[in-house]
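All the letters of the sequence shown, read from the start, carry residue numbers 13 to 162 under the numbering used here.
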Amino acid sequence: MDKKTEFDSAIKDAMKSGDEVRKRTLRMVMAAIKQIEVDRRVSLDEAGVLSILQKEIKLRKEALEEAKRANRADLAADAQAEIDVLSAFLPQSLSADELRTLVQTAITETGAASPADLGRVMKALLPQVAGRAPGDQVSALVRELLQNKQ
Numbered sequence: 013m014d015k016k017t018e019f020d021s022a023i024k025d026a027m028k029s030g031d032e033v034r035k036r037t038l039r040m041v042m043a044a045i046k047q048i049e050v051d052r053r054v055s056l057d058e059a060g061v062l063s064i065l066q067k068e069i070k071l072r073k074e075a076l077e078e079a080k081r082a083n084r085a086d087l088a089a090d091a092q093a094e095i096d097v098l099s100a101f102l103p104q105s106l107s108a109d110e111l112r113t114l115v116q117t118a119i120t121e122t123g124a125a126s127p128a129d130l131g132r133v134m135k136a137l138l139p140q141v142a143g144r145a146p147g148d149q150v151s152a153l154v155r156e157l158l159q160n161k162q
């Protein structure tokens with residue numbers, strides 16, 4: 013089952029069970045997905061949906077940090093509940109060793125030799141790690157390994 017269908021099914025289940033947080037959160041994600049599809053005039057694939065899901069989680073993590081700094085426990089609790097709901101839809105994260113192996117393989121396959129080749133490596137690597145590792149973490153590891161290669 014693709015993620016959009018999974019979201020629709022989860023929204024229906026949340027409506028039946030009366031889980032307002034889950035229903036509200038999933039509706040916001042579906043609205044974001046549909047907005048991107050309308051703006052770009054395309055139907056998003058799994059990788060696109062996962063990237064939106066990660067973006068939504070990142071936004072909520074930022075909101076959580078802001079709420080904590082403002083001593084707003086109520087807003088922090090709401091943001092954490094939304095993060096928990098959305099995290100359940102992400103595929104299992106890659107371990108550090110698995111990610112390092114994928115990065116080394118991508119560097120070898122692209123023939124990258126210096127940090128200037130970061131873009132080529134990232135282009136080859138991102139489809140493989142979509143939804144399973146944050147882009148900034150992947151980029152930092154690629155940069156580190158390319159620096160060590162010089």
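Beta carbons: idealized from backbone N, C-alpha and C, even for Gly.
Original post:
From A85 to A79, what distance separates their C-alpha atoms?
Top reply: On the sequence shown, position 73 is the one that residue 85 refers to. On the sequence shown, position 67 is the one that residue 79 refers to. So the two alpha carbons sit approximately 7 Å from each other.
Original post:
Hey, would you say L158 sits closer than 8 Å to Q116, going by beta carbons?
Top reply: By one-based count along the sequence shown, residue 158 stands at place 146. By one-based count along the sequence shown, residue 116 stands at place 104. Contact flag unset, no.
Original post:
Is K35 closer than 8 Å to I23 when the C-beta atoms are compared?
Top reply: Position 11 of the sequence shown, counting from 1, holds the residue named residue 23. Position 23 of the sequence shown, counting from 1, holds the residue named residue 35. Their beta carbons are under 8 Å apart, which means I23 touches K35 by this criterion.
Subject >> Rounded straight-line distance, which links the Cα of A136 to that of E121 >> reply: Residue mapping note: residue 121 aligns to position 109 of the sequence shown, counting from 1. Residue mapping note: residue 136 aligns to position 124 of the sequence shown, counting from 1. When rounded, the distance between both Cα atoms is 9 Å.
Original post:
Given that a residue counts as buried once 16 or more other Cβ atoms are within 10 Å of its Cβ, and exposed if not, what is V54?
Top reply: As a first step, residue 54 must be located in the sequence shown, where it is residue number 42. So V54 ends up on the exposed side.
Original post:
Grouping DSSP H, G and I as helix and E and B as strand, with all else coil, what is G123?
Top reply: The count along the sequence shown starts at 1 and reaches residue 123 at position 111. Reduced to three states, the DSSP call for G123 is coil.
Original post:
Beta-carbon separation of K73 and I95 under 8 Å?
Top reply: The residue you call residue 73 lines up with position 61 of the sequence shown. The residue you call residue 95 lines up with position 83 of the sequence shown. Contact: yes.
Original post:
Within 10 angstroms of its Cβ, does V50 collect 16 or more other Cβ (buried), or is it exposed?
Top reply: The count along the sequence shown starts at 1 and reaches residue 50 at position 38. Burial call: exposed.
Original post:
Between L76 and A142, which are expected to be in contact by the criterion C-beta below 8 Å, what is the C-beta distance as a whole number of angstroms?
Top reply: As a working note, residue 76 is residue 64 in the sequence shown. As a working note, residue 142 is residue 130 in the sequence shown. That belief does not hold up - the Cβ atoms of L76 and A142 are roughly 24 Å apart, past 8 Å.
Subject >> Between the CA atoms of A82 and F101 - distance to the nearest angstrom >> reply: Indexing the sequence shown from 1 puts residue 101 at position 89. Indexing the sequence shown from 1 puts residue 82 at position 70. Going by the C-alpha atoms only, they are around 29 Å apart.
**OP:** Verify whether the separation of the beta carbon atoms of I69 and I45 is less than 8 Å.
**Re:** By one-based count along the sequence shown, residue 69 stands at place 57. By one-based count along the sequence shown, residue 45 stands at place 33. Cβ distance not < 8 Å, so I69 and I45 don't count as in contact.
Original post:
Would you report the Cα separation of L56 and T17, rounded to the nearest angstrom?
Top reply: Indexing the sequence shown from 1 puts residue 56 at position 44. Indexing the sequence shown from 1 puts residue 17 at position 5. If I take the Cα positions, the gap works out to 12 Å.
Original post:
Using DSSP with H/G/I as helix, E/B as strand and the rest coil, what is P146?
Top reply: Walking along the sequence shown from the start, residue 146 turns up at place 134. It is coil, neither helix nor strand.
Original post:
Rounded to a whole number of angstroms, what is the C-alpha to C-alpha distance between A145 and L111?
Top reply: In the sequence shown, counting from the first residue as 1, residue 145 sits at position 133. In the sequence shown, counting from the first residue as 1, residue 111 sits at position 99. So the alpha carbons of these two residues sit roughly 8 Å apart.
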